[in-house]
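Just so you know, the sequences run in chain order W and P.
First residue of the first sequence? That's 2 in this note's numbering, and the numbers climb one at a time after it.
First residue of the second sequence? That's 70 in this note's numbering, and the numbers climb one at a time after it.
Here is the structure we will look at, set down as structure tokens.
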Amino acid sequence: MGLAKALYVGMSAIQRHMDMEEAERYLMGWSPEEEAAVLEEHLLVCASCRRHLSSTELYVSSMSEAAAVSARTRFTDYGNWQLLKLLAVAGSLAALVLSGLLAAWYYGSGAGR
Amino acid sequence: MQAETGQDAEVVPVVKESSWSRLVDLVRAGDAAGIEELYEVFSTGVRFFLWRQIGPQDLDDKVHDVFLIITQSIQRGELREPDRLMGYVRTIVRRQVAAYIELAVRSRRNHRSAELLMGTLADRHPDPERTMIAQQSHEVAMRVLNGLPQRDREVLVRFYLQEQGAEQICRELNLTETQFRLIKSRAKARYGKLGQMRLSRRTNLPETGA
Numbered sequence: 002m003g004l005a006k007a008l009y010v011g012m013s014a015i016q017r018h019m020d021m022e023e024a025e026r027y028l029m030g031w032s033p034e035e036e037a038a039v040l041e042e043h044l045l046v047c048a049s050c051r052r053h054l055s056s057t058e059l060y061v062s063s064m065s066e067a068a069a070v071s072a073r074t075r076f077t078d079y080g081n082w083q084l085l086k087l088l089a090v091a092g093s094l095a096a097l098v099l100s101g102l103l104a105a106w107y108y109g110s111g112a113g114r
Numbered sequence: 070m071q072a073e074t075g076q077d078a079e080v081v082p083v084v085k086e087s088s089w090s091r092l093v094d095l096v097r098a099g100d101a102a103g104i105e106e107l108y109e110v111f112s113t114g115v116r117f118f119l120w121r122q123i124g125p126q127d128l129d130d131k132v133h134d135v136f137l138i139i140t141q142s143i144q145r146g147e148l149r150e151p152d153r154l155m156g157y158v159r160t161i162v163r164r165q166v167a168a169y170i171e172l173a174v175r176s177r178r179n180h181r182s183a184e185l186l187m188g189t190l191a192d193r194h195p196d197p198e199r200t201m202i203a204q205q206s207h208e209v210a211m212r213v214l215n216g217l218p219q220r221d222r223e224v225l226v227r228f229y230l231q232e233q234g235a236e237q238i239c240r241e242l243n244l245t246e247t248q249f250r251l252i253k254s255r256a257k258a259r260y261g262k263l264g265q266m267r268l269s270r271r272t273n274l275p276e277t278g279a
């Protein structure tokens, strides 16, 4: 009966194993319906791809958790850049408000006459 | 990419499409060997999908239910195109999963079968071995991330955590698609290598207390 299994592997909708990109797309729910259907049909009869999918699933979830920890503990480049931009805008606004207040005080007190 | 998974060695044989027809004919005729062959071909795959979607609770019974439905449907002549057997099996599995989830949701909503649901949820907790594997995998992933240059880490954080698409990441970080793929595959290769090192260290540990 093991032979039967080996024979039917060739009957899969895709005649090749899924690659890393396909496995990740599938696991992250990004595969279009047609692609997911083809992959699932292949998975029904391919032990090698089932193992591959399980190990990729472990990898994806571990990387996702590790990335969450990493993002919490330090800023990423993008995060730093965004923060820098935000600080620059806030600083400019503060400078504008301060100079406006100073001007109002200066002319309001009559010192400017 | 497949070289990483060692799948190149496994060549998928090309078989005549008529094999499904033969199997379907046998099942339709009620041939015991045919039914056994159908089970042999699909049982592990069906089990894999059911386990992934609804967990280990009553798994054998669920696999059995799926095969009963498939066999009876074939015998009633509901599978008109034998070449589509694989797609048909997939459809039945999906329907069963959907029905089971609907039942669980309804039970919870009605508070009628709280025990059933509690039992199901309790069984979804991973066993100690799985927990340990997940924990080790997480530690290895942390090591991989911490050992990467800032830009590479940024790519992985965006992809795996923020779930940004390749196109967006490449555009915003000024990367080509090849660079993006390379960063990802290098990280996965490093993860595999560190994982294997850890595994071999564990298996090489001298037995204590022997």
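All C-beta atoms in this analysis are idealised placements derived from N, C-alpha and C, irrespective of residue type, glycine included.
Note that the structure is predicted; figures quoted are calculated from it, not measured.
Asked, Found
"How is the alpha helix (DSSP H) around P/Glu-150 delimited, first residue to last?", "Run containing P/Glu-150: none; DSSP gives neither H nor E here."
"Can you list, in chain order, the residues of its chain whose CB lies under 6 Å from that of W/Ser-32, leaving out five sequence neighbours each side?", "Arg-26"
"Helix, strand or coil: which one does DSSP assign to W/Met-19?", "coil"
"In terms of residues, what are the limits of the alpha helix (DSSP H) holding P/Phe-111?", "101-123"
"Ends of the alpha helix (DSSP H) at P/Pro-197?", "197-215"
"Would you mind working out which of P/Asp-152, P/Val-135, P/Thr-140 sits nearest P/Arg-164, comparing C-alpha positions?", "P/Val-135"
"Let me see if you follow: with CB-CB separation under 7 Å, is W/Glu-34 close to chain A or not?", "Protein chains in the displayed structure are W and P, and chain A is not among them."
"Using alpha carbons as the reference points, say which of W/Ser-65, W/Asp-20, W/Ala-105, W/Ala-104 lies closest to W/Arg-51.", "W/Asp-20"
"Count the other CB atoms within 10 Å of the CB of P/Val-162; is the residue buried (16 or more) or exposed (fewer)?", "buried"
"From which residue to which residue does the alpha helix (DSSP H) around W/Arg-52 run?", "48-74"
"Where do the N-terminal and C-terminal ends of the alpha helix (DSSP H) with P/Gly-156 fall, by residue?", "154-179"
"Taking C-alpha atoms, which residue in W/Ala-91, W/Ala-104, W/Ala-68 lies nearest to P/Arg-212?", "W/Ala-68"
"Using the C-alpha atoms, what's the distance from P/Val-158 back to P/Arg-97?", "15 Å"
"Quick one: is W/Glu-123 buried, meaning 16 or more other Cβ sit within 10 Å of its Cβ, or exposed?", "With chain W represented from 2 up to 114, any question about residue 123 of chain W goes unanswered, as that position is not in the structure."
"Label W/Ala-95 either buried or exposed according to how many other C-beta atoms from any shown protein chain fall within 10 Å of its C-beta, with 16 as the threshold for buried.", "exposed"
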